[in-house]
């Protein structure tokens, strides 16, 4: 049986390390805030001032009204038409415009058809441009196409609603996995582990003692990221805070156990750092459903997402923050995180060597 | 107290410890002597369960070290060759940490180490961060940390390397007292003069036992004046053979 006394000894020693090492403190406090700010502003998926070229062949009152509607939104910036007529393809290649709107000669009288050509080399932007244009036409011109998308939870399609919860998930798993894996491999490197290993302390006691202080730090970090995210990017929080805290505890635990697993593989701090970043950063970004929807992935990748902790946490945090979900809608994801933590902890304990090699 | 039978340890194709048979008695100061790489550290690590032997058996107090690591570890204190206390922790915090992982109370530990701390003149250094201590005091603190649980068996791997001669003498005084109080002390060193403090020494070379016995008797039987001469004679004989 693991002895509480030994676990406490390990945990309180670990706490001293954390509080006295400026590097660890920097990882815990500065890294998430910096990441949130950098990612947050860089990953702004809303686009503004799309260069739009309008080819107005009609030159009548209707076409003027239309052009006015486009030029009075922040989404488009009208590119002045050149004397020389350029084909849209050329404009796109030179990146002078991202879209062109062609108004036919008989617009407003015989024809109601408009041609919008969009540079889709960046498909996400293309889709946004299309919906912006449709939105303008739909709102200002009820006679023409009446397409009214009804969007739930994020009516303004604010991308901060989308990336702040995702960033909480990503930064947490990265930092937690880094912290535990580095703290154990550092003891291997310094030789202090040897002195622990001659004592009767068990692998379970060592690992639990390592994880314990970081659970609190992880939770504090989650609140920090969330707070900064809500402050800077005005993301709502519609669910119950205690429910959020409970599920975040599970996610932090899961991420810390992942770090433990890494530490049983890595011999040096540097190797641990590379491994921890490698198995958290890209998989979380790509396979958690953060950037790419899971149902649109190929079969094999869809199956792979089941072992990504962030997959479950994203469901949880988006649910709580944006939809106001309660436990009854999220418990399955929570169970998955709990089970993953237990399995990883057991594997780490089995793999942790109480002897030198 | 400790017995090994045909103890071997290989690292790949390199034989670090070659067929060692030992018997160490209670309250004995037993010294492992030898040049760097002779296999002293590997032997010590195997004796306290940090390394698994490639073959052979080790029993400590009748317990097999490989099969009962926890029970054996409870009964031993170990001071590694490399300074391995936590530099960012104060002296007192290091002591409390080791007390904690041996699962004993701080009150009990304090009675175990109280006299040692005053003897080592460590009192005023306990409040300092361990990394700020002078080398000699680091070593002393390491020894005290290894003794918080009052173990009957003490392993010291090159405890005096990097320590000035005066501090070395003081250190050996403490080692002597430990043995006087009934503790078995197993120590490795490459200082030949320190061998004189041991009840018995074992001179190792390339993982093998060269000679083993009481320093005084060894010097007499080999007709040398000092352990240094004995060591050189053995090393020379070995070189001549090969």
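Chains as they are written, first to last, in this note's numbering: chain A, 1 to 357; chain B, 358 to 599. Positions of the beta carbon are idealized from the N, C-alpha and C atoms, including for glycine.
Endpoints, beta strand (DSSP E) assigned at residue i
| i | result |
| --- | --- |
| residue 373/B | 371-381 |
| residue 360/B | 359-368 |
| residue 436/B | 433-436 |
| residue 403/B | Per DSSP, residue 403/B belongs to no beta strand (DSSP E); it is in the alpha helix (DSSP H), 397-404. |
| residue 558/B | 557-562 |
Residues bridged to residue i (per DSSP)
| i | result |
| --- | --- |
| residue 55/A | 102/A |
| residue 117/A | 100/A |
| residue 514/B | 545/B |
| residue 486/B | 447/B |
| residue 421/B | 416/B |
| residue 531/B | BP columns for residue 531/B are empty, so no partner. |
| residue 77/A | 51/A |
| residue 390/B | 546/B and 560/B |
Chain B within 8 Å of residue i, Cβ atoms only
| i | result |
| --- | --- |
| residue 237/A | no |
| residue 203/A | no |
| residue 149/A | Confidence in residue 149/A is poor, its pLDDT being 42 and thus under 50, which makes the residue's placement too unreliable to answer from. |
| residue 210/A | no |
| residue 16/A | yes |
| residue 198/A | yes |
| residue 9/A | yes |
| residue 152/A | Residue placement at residue 152/A is poorly supported in this model, since its pLDDT is 49, which falls under 50; the coordinates still yield a value, given next. Not closer than 8 Å to any Cβ of chain B, the Cβ of residue 152/A fails to qualify, so no. |
| residue 358/A | As displayed, chain A neither begins before 1 nor continues past 357, which places residue 358/A out of reach and without an answer. |
| residue 260/A | no |
| residue 353/A | no |
| residue 183/A | no |
| residue 6/A | yes |
| residue 291/A | no |
| residue 221/A | no |
| residue 263/A | no |
| residue 13/A | yes |
| residue 119/A | no |
| residue 20/A | yes |
| residue 207/A | no |
Top-ranked residue by Cα proximity to residue i, from the options
| i | options | result |
| --- | --- | --- |
| residue 221/A | 22/A, 335/A, 286/A and 33/A | 33/A |
| residue 575/B | 588/B, 563/B and 436/B | 588/B |
| residue 27/A | 257/A, 353/A and 225/A | 225/A |
| residue 315/A | 105/A, 125/A, 162/A and 138/A | 162/A |
| residue 240/A | 160/A, 324/A and 303/A | 324/A |
| residue 310/A | 254/A, 9/A, 194/A and 38/A | 254/A |
| residue 438/B | 579/B, 516/B and 538/B | 516/B |
| residue 451/B | 368/B, 493/B, 505/B and 512/B | 505/B |
| residue 378/B | 367/B, 370/B, 396/B and 414/B | 414/B |
| residue 189/A | 71/A, 36/A and 268/A | 268/A |
| residue 497/B | 520/B, 510/B, 509/B and 508/B | 520/B |
| residue 336/A | 75/A, 312/A and 299/A | 312/A |
| residue 471/B | 487/B, 449/B and 460/B | 449/B |
| residue 276/A | 258/A, 287/A and 31/A | 258/A |
| residue 401/B | 590/B, 481/B, 571/B and 389/B | 389/B |
Cutoff 8 Å: residue i Cβ touching any chain A Cβ
| i | result |
| --- | --- |
| residue 446/B | yes |
| residue 450/B | yes |
| residue 437/B | yes |
| residue 430/B | yes |
| residue 598/B | The predicted model places residue 598/B with a pLDDT of 49, which falls under 50 and marks its position as unreliable; any figure quoted below should be read in that light. For residue 598/B, the answer is no, since every Cβ of chain A falls outside 8 Å of its Cβ. |
| residue 409/B | yes |
| residue 371/B | no |
| residue 581/B | no |
| residue 535/B | no |
| residue 441/B | yes |
| residue 387/B | no |
| residue 457/B | yes |
| residue 405/B | yes |
Anticipated Cβ contact below 8 Å, residue i with residue j, distance rounded
| i | j | result |
| --- | --- | --- |
| residue 244/A | residue 320/A | 5 Å |
| residue 247/A | residue 219/A | About 11 Å; that fails the 8 Å criterion. |
| residue 292/A | residue 167/A | Not confirmed; about 16 Å, so no contact. |
| residue 435/B | residue 164/A | With a Cβ gap of about 50 Å, residue 435/B and residue 164/A do not count as contacting. |
| residue 252/A | residue 178/A | 13 Å between Cβ atoms; not a contact. |
Delimiting residues of the alpha helix (DSSP H) encompassing residue i
| i | result |
| --- | --- |
| residue 206/A | 203-233 |
| residue 280/A | 269-287 |
| residue 251/A | 241-265 |
| residue 292/A | Run containing residue 292/A: none; DSSP gives neither H nor E here. |
| residue 567/B | Premise fails: residue 567/B lies in the beta strand (DSSP E), 565-570, not in any alpha helix (DSSP H). |
| residue 501/B | 492-503 |
| residue 551/B | It is not in any alpha helix (DSSP H) - residue 551/B carries neither H nor E in the DSSP assignment. |
| residue 36/A | 31-42 |
| residue 380/A | Here chain A covers residues 1 to 357 and nothing more, so residue 380/A does not appear. |
| residue 384/B | Taken as a continuous stretch (DSSP letters only), residue 384/B belongs to no alpha helix (DSSP H), as it is neither H nor E. |
Residue-chain proximity (residue i, chain E), Cβ-Cβ < 8 Å
| i | result |
| --- | --- |
| residue 303/A | Among the protein chains in the structure shown, which are A and B, there is no chain E. |
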